[in-house]
Structures are given as structure tokens and as C-alpha cells.
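Presented below is the structure to which this report refers.
Here you go:
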């Protein structure tokens, strides 16, 4: 009845599994006709559990630019109730606000771990192993691996790639040269070194220069340099760091082959900068929560915590709007 009700209100391209769990065969058929699938579940515990099962089924199908999102309706409402009470426009807005698979995956992992403890961060990596490991090799898997490293604090991306790749952590082989996977900060840094003009599309990255990671602080400095001289070349940009410990690393990042088509550069930059902003906000929230465990927060810190929490919600909506307009 949900599919019928939606069709009656002008919402097409909807299907139902008739009471059965989502299977790989269902996904194969859906992805033949659409590159973006939005699952709709009740917002109660049963709906969340069903979404987790659907997510697990989707992971092996996440390749070739496919997208999956999860929409959770208010508890006690199904699509039929929702669209009759609130209208088709409200349901379409809810679809655009659906949670991307990667955000749902990490939310699921966060709920099962305590990231304020070292053993909790290690547990997250272990829980993520079979999930990210199920994703086929490609950009999406690499991005989730980098995200896992940033959240867990395990910045050895070579080790993480071995863990989630379903194989033993990689060891150095003198006879074979492989490029080291990059952290999110280093990836954005590499893009800007190679294409300084892209800084014009870069949003404000609040708190970037306050991070402990060297790549984050160097990234903040590179952004400042380019904004002071927006026609600076890659060579001149790297030369500015010649007498610093970062020069050799920047040379390698400037020469790295990302194999990105010219017409996709801005899109990749925006996606990566959005990941950096989410990371910065998450780290700011975690720092304040860790402090709140030890002592009461000041009024300013409480205000900051509320502001970062709202910003995190806004970033989630921004990512959905971008996906919806793609």
C-alpha cells in the first residue's frame, strides 16, 4: 500500500520488497535502472535494525559511482501515513535529507564504541574491518578507509588498507614501489598543490591550523599562501617550503598521480573539503566532550559545543543537498 499511496501523490520510481529483507538480487535489479537508491524505514528500533541489514547487503555493491541513502520516518509513521498527512513535497524533502551510507555506517560504529578510550578506537577498527572490507576496491573504499583512520586516530593508512582489505597489513617490499594511501588532509593538500586555482572554490575550514596532524597545519599554511597569491604555480608553492621539514613530502604530494579527469576536479575538491570540515567538527566535539568528562565546561565552551553540534547537522544537510542535485 505504501508504493500505491506514493504513486497516487506523484512520487514515482518506488518499489517494495513485500515483507522480505533486501537481497543482493534486489540491488542488482535496482542498480540497472538507477545509480542512487534511497531506503525508507520506520524510525523505531526494528526499522534501524532492518537498515543495518540492508547496509550490510549494499556494501558489496558500492562501485561504479553508485549511491545509497537511508531515510528514517518518524516513529509510528509509514510512507502512506507520512505523505497523506504532510504531502508529497515534504516526502521529497525527506528523500533529499536521507543519510548517506557512509554516514550511517560510521554512526552505527560510533554507537557501539567509546571513542574517548584508546581501546574503544581500536574496537571501532575491528568492527569496521568486515564492513569496509566488503566494499569492492575503488575510490569509495579508499575514502571510507581514510575516514576510519581519521575517526579512530590510527593514521597509518597503509596498515588500515591492509586491515579493511581483508588481508594482512602490508609490509614494505624493496622490489616493489607502491604509493602510500593518503589521509584526508594530505589528499586535499595534494590537490591544492597541483591545482592552486581550486582554492577559490574551497570553503572556510575553521580550526584547521589548530590540529595536531602536520598535514593539517601545512594544509592551512598552503591555503593562506595561495589566497595571498592566487596565480602562484605549483613549483613556486613547493619552493616556499624548501627550508622546512615538509619540503620533501610536499614534492611527493605535488607529483602524485590522482588520475582525476579535469572536469571532475572541482567536484572531488568539494567532496574532500566537505570530509575535512566534518572531520574538524567531529574532532572539536570530541575534545569538548572529553573535557566535560573531566570537569564542567565554561559557558563559552558550552556555546561552542552547541554551535559545533548544529554545524555538524548543517554539514549533513549540505552533503545531501549536493547529492540530490548531482
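Residue numbers (this note's numbering): 1186 to 1511. Glycine included, C-beta positions come from ideal geometry on N, C-alpha and C.
Cβ-Cβ distance between residue i and residue j below 9 Å
| i | j | result |
| --- | --- | --- |
| residue 1157 | residue 1393 | The structure shown does not extend to residue 1157, since the chain spans only 1186 to 1511, so no value can be given for it. |
| residue 1196 | residue 1268 | yes |
| residue 1454 | residue 1367 | no |
| residue 1316 | residue 1290 | yes |
| residue 1226 | residue 1233 | yes |
| residue 1439 | residue 1419 | yes |
| residue 1243 | residue 1207 | yes |
| residue 1246 | residue 1213 | yes |
| residue 1499 | residue 1473 | no |
| residue 1470 | residue 1485 | no |
| residue 1272 | residue 1194 | yes |
| residue 1241 | residue 1296 | no |
| residue 1283 | residue 1255 | yes |
| residue 1396 | residue 1370 | yes |
| residue 1287 | residue 1345 | no |
| residue 1218 | residue 1201 | no |
| residue 1129 | residue 1285 | Nothing about residue 1129 can be reported from this structure: the residues present for the chain run from 1186 to 1511 only. |
| residue 1251 | residue 1262 | no |
| residue 1382 | residue 1415 | yes |
| residue 1375 | residue 1331 | no |
Residue i in three-state terms, based on DSSP
| i | result |
| --- | --- |
| residue 1221 | strand |
| residue 1465 | helix |
| residue 1426 | coil |
| residue 1416 | coil |
| residue 1394 | helix |
| residue 1448 | helix |
| residue 1197 | coil |
| residue 1229 | coil |
| residue 1379 | helix |
| residue 1460 | helix |
| residue 1210 | helix |
| residue 1157 | No answer is possible for residue 1157: the residues shown for the chain start at 1186 and end at 1511. |
| residue 1367 | coil |
| residue 1513 | As shown, the chain starts at 1186 and ends at 1511. That puts residue 1513 outside it, with no answer to give. |
| residue 1516 | The requested residue 1516 does not occur in the structure, where the chain is confined to residues 1186 to 1511. |
| residue 1476 | helix |
| residue 1374 | helix |
| residue 1455 | helix |
| residue 1482 | coil |
| residue 1357 | Low local confidence applies: a pLDDT of 47 at residue 1357 is under 50, so the model's placement there is unreliable, and no value is given. |
| residue 1191 | helix |
Range of the contiguous alpha helix (DSSP H) that encloses residue i
| i | result |
| --- | --- |
| residue 1407 | 1399-1413 |
| residue 1335 | 1324-1337 |
| residue 1434 | 1432-1440 |
Cβ shell of residue i (< 7 Å), same chain only, five flanking positions each side left out
| i | result |
| --- | --- |
| residue 1391 | 1465 |
| residue 1426 | 1432, 1435 |
| residue 1237 | 1293 |
| residue 1373 | 1404, 1457, 1458, 1461 |
| residue 1402 | 1394, 1396 |
| residue 1211 | 1202 |
Beta-carbon proximity list for residue i, same chain, < 6 Å, skipping 5 on both sides
| i | result |
| --- | --- |
| residue 1215 | 1222 |
| residue 1308 | 1298 |
| residue 1248 | 1321, 1323 |
| residue 1496 | 1466 |
| residue 1445 | 1453 |
| residue 1326 | 1320 |
| residue 1492 | none |
| residue 1235 | 1226 |
Own chain, CB closer than 8 Å to residue i, minus 5 neighbours either side, in chain order
| i | result |
| --- | --- |
| residue 1192 | 1199 |
| residue 1259 | 1228, 1267 |
| residue 1300 | 1306, 1309, 1336, 1337, 1471 |
| residue 1209 | 1242, 1245, 1246 |
| residue 1400 | 1368, 1370, 1371, 1374 |
| residue 1450 | 1376, 1380, 1383 |
| residue 1312 | 1294, 1297, 1298 |
| residue 1417 | 1381, 1410, 1411 |
May I have a chain-ordered list of the beta strand (DSSP E) segments no shorter than 3 residues that lie completely inside the region 1240-1319?
1252-1258
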